[in-house]
Amino acid sequence: MIQKPGKNRTDIASHRPIRLLPILSKILEKLLLKRIFRDTNRQEWIPSHKFGFRKAHSTIQQCHRITDTINKAFEEHKHCSAVFLNKSQAFDKVWHQRLIYKIKQTLPAKYLNILKSYLSDRYFSVSLNNKTSSLLPLSGVPQGSILGPFLYTLYTADLPQSKKNNPQHLR
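For the sequence shown, our numbering gives the first residue as 1, with consecutive numbering after it.
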């Protein structure tokens with residue numbers, strides 16, 4: 001556990017967990033992710049307005065996109081509003097059964113069993129001041145892993161949206 005800057009040392013929420021993953025695991029994840037990207041067309045299932053965890057999609061580009069949308073709405077005398085969500089501990093709240101369903105629906109069948117295995121029977125313990133807790137089941141997708149951001153993107157890619165409210169349709 002690493003203390004967050006400027007936070008109370010005695011509050012458990014003031015600490016960030018650090019996951020130490022084996023090197024072999026990271027190599028396997030990287031190879032698997034390369035194969036998945038080779039075998040799928042991400043443009044089909046990741047909405048263009050989602051920028052998180054994507055190559056060549058920076059925060060600056062997202063700011064430019066939003067600013068452009070606001071300017072166009074202003075020029076056309078339209079209303080423009082925005083909602084920004086920050087889900088705390090989002091990776092920890094991914095429901096495995098729903099993620100597995102989305103894997104079945106989105107990725108080629110050959111990836112289902114390996115990703116189910118990747119998500120199942122994962123445990124963690126906490127070490128602090130030379131003391132280690134007992135093993136507890138891990139929920140969500142592993143933070144600090146190679147596949148974690150990809151699985152989170154897959155999990156949230158189909159969040160409902162309205163054409164009327166989608167910035168892509170203001171143009």
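C-beta atoms are modelled at their ideal positions from N, C-alpha and C, and glycine is treated no differently.
Cβ shell of residue i (< 6 angstroms), same chain only, five flanking positions each side left out
i, result
"residue 70", "80"
Residue i in three-state terms, based on DSSP
i, result
"residue 59", "helix"
"residue 20", "coil"
"residue 128", "strand"
"residue 96", "helix"
"residue 46", "coil"
"residue 143", "coil"
"residue 64", "helix"
Beta-carbon gap between residue i and residue j smaller than 8 angstroms
i, j, result
"residue 249", "residue 100", "As displayed, the chain neither begins before 1 nor continues past 171, which places residue 249 out of reach and without an answer."
"residue 33", "residue 124", "no"
"residue 96", "residue 112", "no"
"residue 59", "residue 107", "no"
"residue 109", "residue 152", "no"
"residue 157", "residue 55", "no"
"residue 72", "residue 146", "no"
Chain-order list of residues whose beta-carbon lies under 7 angstroms from that of residue i (same chain, five-residue window excluded)
i, result
"residue 139", "92"
"residue 3", "9, 14 and 15"
Start-to-end residues for the alpha helix (DSSP H) that takes in residue i
i, result
"residue 37", "23-39"
"residue 89", "First-last for residue 89: undefined, no H or E at that position."
"residue 179", "Because residue 179 is not part of the residues shown, which for the chain are 1 to 171, the question remains open."
"residue 114", "112-119"
Same chain, Cβ closer than 8 angstroms to residue i, neighbours up to 5 away in sequence not counted
i, result
"residue 148", "91, 141 and 142"
"residue 122", "137, 138 and 142"
Would the segment 75-89 and the segment 2-19 be scored as touching if the rule is three or more Cβ pairs under 8 angstroms? no
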